[in-house]
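Student:
In UniProt numbering, the protein residues as written are 1 to 106.
(1) Excluding the five sequence neighbours on either side, which residues of its own chain have a C-beta within less than 6 Å of the C-beta of residue 55, listed in chain order?
(2) Can you tell me the Cα-Cα spacing of residue 58 and residue 84, whole angstroms?
(3) Over what stretch of residues does the alpha helix (DSSP H) that includes residue 1 continue unbroken?
(4) For residue 45, count neighbouring C-beta atoms within 10 Å of its own C-beta (all shown protein chains included) and say buried if the count is 16 or more, exposed if not.
(5) Assign residue 98 to one of three DSSP states: helix, strand, or coil.
(6) Output the boundary residues of the alpha helix (DSSP H) element that contains residue 76.
(7) With distances taken between CB atoms, is the gap from residue 102 to residue 71 smaller than 9 Å?
(8) Look at residue 43 and residue 50 and say whether their C-beta atoms are less than 9 Å apart.
(9) Quick check on residue 45: does DSSP put it in helix, strand or coil?
What follows is the structure, encoded as structure tokens:
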């Protein structure tokens, strides 16, 4: 790559970095950060109520809901569901949950 091209890239990266810094330090972003922290605290404080609302909404929409307190509970629920349906395949979307509970591929 030519030196002039490298210099153009350096200037572009510096511009992006400078703009990013200004945005991150802007008062509107600071307000949003504060609001997000407040929402997070409220959500944690009300997690049981929020969980009930979510479960109710899922069930209203025809979705079965199971709750597992432990890894073993989760694995037992999954294995029971697979046995009941005589299934051998689990479809999952972007989630690390199956890895976190160490679901083994058989």
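Think of the CB as a built atom: it goes at the ideal place given N, C-alpha and C, for glycine as much as any other residue.
Tutor: On the basis of the supplied data:
(1) 65
(2) 21 Å
(3) First-last for residue 1: undefined, no H or E at that position.
(4) exposed
(5) helix
(6) 71-85
(7) yes
(8) yes
(9) helix
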